[in-house]
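Numbering (my numbering), first residue to last: 248 to 590.
Note that beta-carbon positions come from the ideal geometry of N, C-alpha and C, so glycine has one too.
See structure below.
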């Protein structure tokens, strides 16, 4: 028999074996302690609380004014306990061009402070049975004080009289305001019902007749019921304390009637006992009332309130060149300075 060939045997494939590398055991990661950031946070909170407590102790009503819609916050209080600096029965406050502050009392005593708040020498208006109503300061340091129906122009630092300004009227002059051009405006009330303008030297230059009676159809108001302010455009504002009429009458620099605004009542935007008026650099109108100092736009829109650190009425207000508001009251023995929260 013929031998059959042996069939070829297919070569066997050697499967590759997986190679495993054994890694060296790694140490478990250390957990970071959270105590350090926590301590830092506590320190920051403590420091913040300390700062806020310090601010609150130095500026009453800071948080209420800042977070509760207040228009300004109290940032400094002026007091004087010297013999020539008794702030008793203050009726007006003025700031001159150098930042010096002058406060006048109803009996004619003037208390002065420097720009840094340091008390300066005070003096008294000469005369018997004085009844002072208002004080204003010009850019050169002169003061204008109304008393006995007369405007007294005085040297601010020393108090000597430069001249007196008066008119032939049964009631005379009570409140006054200084216009941007340096002229003075005052009001003659009742049947006279006139605005009178004087130049800086005290000479009468113009009269604007019937500013109130032509609007109300009634006689003019007694001059002691009218407060005056002038904005930075020269417009004249008369604040009426007679509840029969709107509180504010607005006139052009030439004494022409423009508008009126405000109402009497107990709503937030209304007035009950308006006592004083002042205007800031943006021509916003501030009126001292029993509910604080109400703030209005030139169109009469209510803008907010400045809360006072006392319960009485503010008797006098003014602004400095940096828009700090200074307030005095006949019930207080301090001057309060406010910084505006609204730019």
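Following the DSSP letters along the chain, one finds residue 460 inside the alpha helix (DSSP H) bounded by residues 460 to 463. Counting only runs of 3+ residues, the beta strand (DSSP E) found wholly inside the stretch 508 to 537 occupies 523 to 526 and 532 to 536, in chain order. When the five nearest sequence neighbours on each side are left out, the beta carbons in the same chain lying within less than 8 Å of the beta carbon of residue 537 are those of 519, 520 and 560, in order along the chain.
Around the beta carbon of residue 364, fewer than 16 other beta carbons lie within 10 angstroms, which makes this residue exposed.
With 16 or more neighbouring CB atoms inside 10 Å of its own CB, residue 535 falls in the buried class. One alpha carbon belongs to residue 426, the other to residue 526, and they sit about 12 Å apart.
Within the same chain, and ignoring the five residues on either side of residue 511 in sequence, the residues whose Cβ sits closer than 8 Å to its Cβ are 490, 494, 517, 518 and 519. Judged by their CB atoms, residue 422 and residue 474 are nearer to each other than the 8 Å cut-off. Cβ-Cβ distances below 7 Å link residue 468 to 436, 459, 487 and 489 in the same chain, with the five nearest sequence neighbours on each side left out; the list follows chain order. Selection 554, 588 and 317 evaluated against residue 574 yields 554 as nearest (Cα-Cα). Contact between residue 444 and residue 432 holds, since their C-beta atoms are separated by about 6 Å, short of 8 Å.
Across the set 403, 586 and 383, the C-alpha of 403 shows the shortest separation from the C-alpha of residue 368.
Between the beta-carbon of residue 366 and that of residue 394 there is about 23 Å, and that puts the pair past the 8 Å contact cut.
In the structure shown, residue 472 falls within a helical segment according to DSSP collapsed to helix, strand and coil.
For the pair residue 453 and residue 390, the CB atoms are not nearer than the 8 Å cut-off.
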